[in-house]
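The letter at position 155 of the sequence shown is residue 488 when you use the numbering used here, and the numbering goes up by one with no holes. Inspection log for the structure reproduced underneath, given as structure tokens.
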Amino acid sequence: SNITEISINGMSDIFKVINASGEKILHYDYCHFVEDDNFVFSNSLTYLLNTLEKSKKYSAVVGGSFIYDEKNYKILNNYRLPSLVSENSLQRLKYYASHSGLTYYSIFRSKEFMKICSKVAKISDDNMSELAFNLIASIRCKIKFCNVLFLAREYPRPKVYNVPQSLDWLTNKQFSSELNNLIKVLNEELGPIVNFSN
334 SNITEISING MSDIFKVINA SGEKILHYDY CHFVEDDNFV FSNSLTYLLN TLEKSKKYSA
394 VVGGSFIYDE KNYKILNNYR LPSLVSENSL QRLKYYASHS GLTYYSIFRS KEFMKICSKV
454 AKISDDNMSE LAFNLIASIR CKIKFCNVLF LAREYPRPKV YNVPQSLDWL TNKQFSSELN
514 NLIKVLNEEL GPIVNFSN
């Protein structure tokens, strides 16, 4: 169902709208965030949902993905989020940092997804909000990778999704303010964990 009629101008707007629509999302046990140019394989979606149903220890589950060129239908790149299965949040974060991947393309339990979005909604920079979701999810959640083909993305992406040139991003007036927001949000997540482990 349609959540909002609000204009979306970037990733941070998406997370803000999701956060504001939490009551609607929480009517469902699971949710899956994809952009409008993504193609999801329905059989894999069912498989991943069944995997989550069978194992309560995971907050999310994901399959393999690829990027393709529609003109030649040529696969340009495969990418996948690794399984983040350690009981230790810092270990999961370290493992994610060395392997990377897009955590928000996972199938999430809706309650956990909304907890992450409530933190990410505090960030207004599009690229930092995306980064925040990926990092917070790896801190908070055990995520299982399943060896099924799950999602495809067309390349080149629509203009609205284009990542800015690094120099343009780093020299933006709001960059340092948004970086502080990101650090604050990550401290809120990591503070209790680091204090507990000391």
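Where a beta carbon is used, it is the ideal one built from N, C-alpha and C, also for glycine. In this text the structure is predicted, and so the values were computed from the model without any measurement.
Restricting to Cα atoms, I'd like to know which of the options is closest to residue i.
i	options	result
Tyr380	Lys357, Phe466, Val394 and Asp369	Val394
Leu414	Val373, Asn480 and Ser422	Asn480
Pro489	Lys407, Ser392 and Tyr361	Lys407
Glu368	Val350, Met344 and Arg425	Met344
Asp362	Ser422, Ile440 and Ile449	Ile440
Leu464	Met447, Tyr437, Cys474 and Lys444	Tyr437
Leu468	Lys427, Ser340, Ser377 and Lys357	Lys427
Ile516	Ser340, Ser375 and Val453	Val453
Asn421	Ser340, Gly434 and Cys474	Cys474
Whole-angstrom Cβ separation of residue i and residue j, contact assumed at under 8 Å?
i	j	result
Glu522	Ile472	5 Å
Phe372	Leu484	7 Å
Leu482	Gly397	5 Å
Just reading off the beta strand (DSSP E) that residue i is part of, what are its end residues?
i	result
Val395	Ala393 to Asp402
Asn342	Where Asn342 is concerned, there is no enclosing beta strand (DSSP E), given that its DSSP letter is neither H nor E.
Phe441	Ile440 to Arg442
Which residue marks the beginning of the alpha helix (DSSP H) containing residue i, and which one marks its end?
i	result
Val534	One cannot answer for residue 534 here, as it falls past the ends of the chain, which runs 334 to 531.
Leu468	Asp459 to Arg473
Glu420	First-last for Glu420: undefined, no H or E at that position.
Pull up the DSSP beta-bridge partners for residue i, would you.
i	result
Asn410	Ile400
Ala454	Paired residues: none, contrary to the question.
Lys477	Val394
Leu484	Val373 and Ser398
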